[in-house]
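Okay, so here's the structure we're looking at.
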Amino acid sequence: MAHEKYQSVIEALHRCMEACNHCYDACLKEEDVKHMADCIRLDRECADMCGFLEQALVRNTPFASELAEVCAKICQACGDECGKHDHDHCQQCAEACHACADACRSIA
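For the record, in the sequence shown the residue sitting at position 105 is 92 according to this note's numbering, with numbers rising by one throughout.
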């Protein structure tokens, strides 16, 4: 299959999407939700973009490089924001986002 050359990126995208969705849900349950607003917003942006790029790579999109560049920027921003919070879910998300940003940069 044509998308096999992107397999490691696809796996990183999926892990990041899952981590962002978990972080998003957990942030909504935090006491000071307003304080988590930027984290929540970026979790959604990142999860959506990772899901989209994962599907696009499986379809062997001709726009892999351009989409990966945008995804890397979003993942980096989400990881940086999550990294500011001490919650375990935020720290795990930050790690997944930064790893995904690196994976995306490898094909951008």
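Just so you know, even glycine gets a beta-carbon here, dropped at the ideal spot from N, CA and C.
Being a predicted model, the structure only gives us computed values, none of them experimental.
With DSSP collapsed to three states, give me the class of residue 73. Three-state result, residue 73: coil.
8 Å CB neighbourhood of residue 2 in its chain, flanking five on each side removed: Result list for residue 2: 83, 86 and 87, in chain order.
Rounding to the nearest angstrom, what Cα-Cα distance links residue 75 and residue 42 in this structure? When rounded, the separation of the alpha-carbon atoms in residue 75 and residue 42 is 28 Å.
Helix, strand or coil for residue -8 per DSSP? Here residue -8 sits in helix by DSSP.
Going by DSSP, what residue range makes up the alpha helix (DSSP H) through residue 41? Unbroken alpha helix (DSSP H) run through residue 41: 24 to 45.
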